[in-house]
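This report concerns only the one structure given below.
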Amino acid sequence: MPAHEPTARAAIVGIAGPSVSENERALFRAYKPAGVILFRRNVDNAGQLRLLNAELRAVLGAGAVLMVDQEGGRVARLRPPDWLSHPAPAVLGALFEQDRRAGLRAAWLTGALIGCDCVAAGFDVACAPVLDLRYRGAHAVIGDRAFGGNPLSVARLGRAYAAGLLAAGIQPVAKHAPGHGRAEVDSHLALPLVETKDLDADLLPFALNTDIPWVMTAHILYRGWDSDRPATLSPVVVAQVIRGRIGFRGVLVTDDLAMAALSGAPHTRALDALAAGCELALYGAGAFEPTAALLRACPALSLDTRTRLAAARHLARRRRLALEPDKLAAERTALLADKVTT
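Take the position in the sequence shown, starting the count at 1, then add 670; the result is the number in our numbering.
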């Protein structure tokens, strides 16, 4: 590494608009984030997005993470007409209940097609699959983003979906550990509380997919494990549940620290999350001053995190296949033609 190049900080941040501003460019050169996550506000069309990601790559360097939320259904930053429309995970789960082989194939195809879109746009990480369970009576913030309520079915569908992303060369991020499905409020707006400690079912999809290279935490207070701190900020939940009971050894990233479930300044939230054992603090708001404060406050990536990031990149390169998106899309359309209503 050249002497003048700063070591990347343990943070993934957003930017304000569809191009990198001069202030953002200067900030990233002085306090380089480990990566950037893009949202709808950053996306106008396919050509603009390719140029934006190329510019980010030039500023951040070859090893930086370019990330996007792209689950299918209502969580999709890349939308028609420039990109394909993808079914919600619940649609894939419903097909699985009718025909397991067809459901698993449709989940793989959806991951692969989303991955093809992401690769063409210049991304290398997609925040999916959702491994949360769907619970009757819970808040709809998860809802049809979940494959279903059966932990074994969710585990199998999530694995197939992640395998499809990897086949396209995209690193998947399983979310939201240790399980967001029971939340009765939206963590974007308030802090959910989960009282029970009997969460074996919620942990199972994550425990059966510990080879997915990334996991995202949940901003939920699990009183049975830590009565004071939500999972993202809890050393107990990170060490004993996510790293311990689940057994995850890959890259652990926070959910968006801009969400109202957490309190305090963004840079304080980031430091608390890193102290709890998260490896990357994700702050996607794109507001310049809080982003600058967060990057200045965050430490450099640890050797362990750099090793895990390199392993995730290697896995995506090793698992990548030569895919024909048009044929894959036609096959998925045929599989979903007679899908059940969810």
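Glycine included, each C-beta is placed from N, C-alpha and C at the ideal position.
Using 8 angstroms as the threshold, is the C-beta distance between L835 and P821 below it?
The residue labelled residue 835 in the question sits at position 165 within the sequence shown. The residue labelled residue 821 in the question sits at position 151 within the sequence shown. Contact: no.
Taking all protein chains shown into account, decide if T977 is buried (16 or more other Cβ within 10 angstroms of its Cβ) or exposed.
Looking up residue 977 in the sequence shown gives position 307. It counts as exposed.
Among residues of its own chain, excluding the 5 on either side of A888, which ones have a beta-carbon nearer than 6 angstroms to its beta-carbon?
Taking the sequence shown and counting its residues from 1, one reaches residue 888 at position 218. Result list for A888: H846, H850 and A901, in chain order.
Report the rounded CA-to-CA distance for L748 versus I784, giving the unit in angstroms.
Stepping through the sequence shown from its first residue, residue 748 is reached at position 78. Stepping through the sequence shown from its first residue, residue 784 is reached at position 114. Taking the straight line joining both Cα atoms gives about 9 angstroms.
Is it right to say S904 is buried, meaning 16 or more other beta carbons lie within 10 angstroms of its own, or is it exposed?
The sequence position of residue 904 within the sequence shown is 234, counting from 1. That one is buried.
Specify the secondary structure class of Y892 as computed by DSSP and reduced to three states.
Position 222 of the sequence shown, counted from the first residue, corresponds to residue 892. It is a strand residue.
Specify whether the stretch 915 to 933 and the stretch 855 to 872 touch according to this definition: at least 3 beta carbon pairs, one from each stretch, less than 8 angstroms apart.
The stretch 915 to 933 vs the stretch 855 to 872: in contact.
Could you compute how far the alpha carbon of L721 sits from the alpha carbon of P703?
In the sequence shown, counting from the first residue as 1, residue 721 sits at position 51. In the sequence shown, counting from the first residue as 1, residue 703 sits at position 33. Cα-Cα distance, rounded: 19 angstroms.
Suppose the cutoff is 8 angstroms on Cβ atoms and the five residues either side in sequence are ignored; what does the same chain contact list for D872 look like?
Position 202 of the sequence shown holds residue 872. D802, L803, P821, P848, G849, G851 and R852, listed in sequence order.
Taking Cβ positions, are A728 and A678 nearer each other than 8 angstroms?
Residue mapping note: residue 728 aligns to position 58 of the sequence shown, counting from 1. Residue mapping note: residue 678 aligns to position 8 of the sequence shown, counting from 1. For A728 and A678, no; Cβs fall outside 8 angstroms.
Buried or exposed for H756, please, with buried defined as at least 16 other CB atoms from any protein chain shown within 10 angstroms of its CB.
In the sequence shown, counting from the first residue as 1, residue 756 sits at position 86. Under this definition H756 is a buried residue.
In angstroms, rounded to a whole number, what distance separates the CA positions of C788 and A796?
As a working mapping, residue 788 is identified with position 118 in the sequence shown. As a working mapping, residue 796 is identified with position 126 in the sequence shown. Whole-angstrom Cα-Cα distance: 8 angstroms.
Should D856 be listed as close to the ligand NAP, given that the test is whether its C-beta is under 7 angstroms from any heavy atom?
Looking for the ligand NAP in the displayed structure turns up nothing, as the structure carries no ligands at all.
Taking the alpha-carbon positions, what's the L730 to A951 distance?
By 1-based counting over the sequence shown, the position of residue 730 is 60. By 1-based counting over the sequence shown, the position of residue 951 is 281. If you take the alpha carbons of L730 and A951, they lie about 17 angstroms apart.
Do V911 and V843 come within 8 angstroms of each other at the CB atom, strictly closer than that value?
Position 173 of the sequence shown, counted from the start, is the residue given in the question as residue 843. Position 241 of the sequence shown, counted from the start, is the residue given in the question as residue 911. Taking 8 angstroms as the Cβ cut-off, V843 and V911 do not qualify as a contacting pair.
Go ahead and pull the three-state DSSP assignment for K845.
For this step, residue 845 is matched to residue 175 along the sequence shown. Reduced to three states, the DSSP call for K845 is strand.
So, with DSSP's three-state summary, where would you put V800?
Translated into the one-based positions of the sequence shown, residue 800 becomes position 130. Correct three-state label for V800: strand.
Counting only runs of 4+ residues fully inside the stretch 769 to 823, write out the alpha helix (DSSP H) ranges in chain order.
770 to 791, all fully within the stretch 769 to 823.
So, using beta-carbon positions, are L719 and A791 closer together than 8 angstroms?
Here residue 719 refers to the residue found at position 49 when the sequence shown is read from its first residue. Here residue 791 refers to the residue found at position 121 when the sequence shown is read from its first residue. A contact, by the Cβ cut-off of 8 angstroms.
G938: which of P969, A760 and E854 sits nearest, CA to CA?
In the sequence shown, counting from the first residue as 1, residue 938 sits at position 268. For the sequence presented, residue 938 should be read as Thr rather than Gly. It is P969.
Please state the DSSP three-state secondary structure of G687.
Sequence index remark: in the sequence shown, residue 687 carries index 17 (1-based). Three-state DSSP puts G687 in coil, outside helix and strand.
Count the CB pairs spanning the stretch 893 to 900 and the stretch 917 to 925 that are closer than 8 angstroms, and state whether there are at least three.
Output reads no: the stretch 917 to 925 does not touch the stretch 893 to 900.
Helix, strand or coil for A700, going by three-state DSSP, please let me know.
For the purposes of this step, residue 700 is taken as residue 30 along the sequence shown, with counting starting at 1. Here A700 sits in helix by DSSP.
With a cut-off of 8 angstroms on the beta carbons, I'd call A832 and G781 a contact; round off their distance for me.
Position 162 of the sequence shown, counted from the first residue, corresponds to residue 832. Position 111 of the sequence shown, counted from the first residue, corresponds to residue 781. Sure, about 6 angstroms apart at Cβ, within 8 angstroms.
Have a look at V855 and Q841 and give me their C-alpha separation to the nearest angstrom.
Stepping through the sequence shown from its first residue, residue 855 is reached at position 185. Stepping through the sequence shown from its first residue, residue 841 is reached at position 171. Approximately 29 angstroms between the Cα atoms of the pair.
In chain order, what residues of the same chain lie with their CB nearer than 8 angstroms to the CB of L979, ignoring the 5 residues before and after it?
Here residue 979 is taken as the residue at index 309 of the sequence shown, counted from 1. Same-chain partners within the cutoff: A704, G733, V735, V921 and L971.
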